[in-house]
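Mapping the sequence shown onto our numbering, position 22 (from 1) lands on 22, and the numbers just tick up by one.
No residue lacks a Cβ here, since even glycine has one placed at the ideal position from N, Cα and C.
Remarks on the structure that follows.
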Amino acid sequence: MEEEENKAIQSINETSTQKATTRRKLNEEVKDLKRHLEIIPDEDDDVYTESTPLARKDSVMDYEITT
1 MEEEENKAIQ
11 SINETSTQKA
21 TTRRKLNEEV
31 KDLKRHLEII
41 PDEDDDVYTE
51 STPLARKDSV
61 MDYEITT
């Protein structure tokens, strides 16, 4: 609890240049993390090619019987 209060007080007392510097550092971190989390498709991955469906949906047929 005290840590949060101290951070809030420190944030209030920060100058605009310090806030801009902090924001810039955070933006750089975000860019770096996004670069590392980039999803690259792998065409040679055969893991799921022979999967079996967990559920099977049968088609519904309506029959009309006439005599």
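Between the alpha carbons of L37 and E29 lies a gap of roughly 12 Å. The continuous stretches of alpha helix (DSSP H) do not include I65, and DSSP gives it neither H nor E. The alpha-carbon separation between M1 and Q10 amounts to approximately 14 Å.
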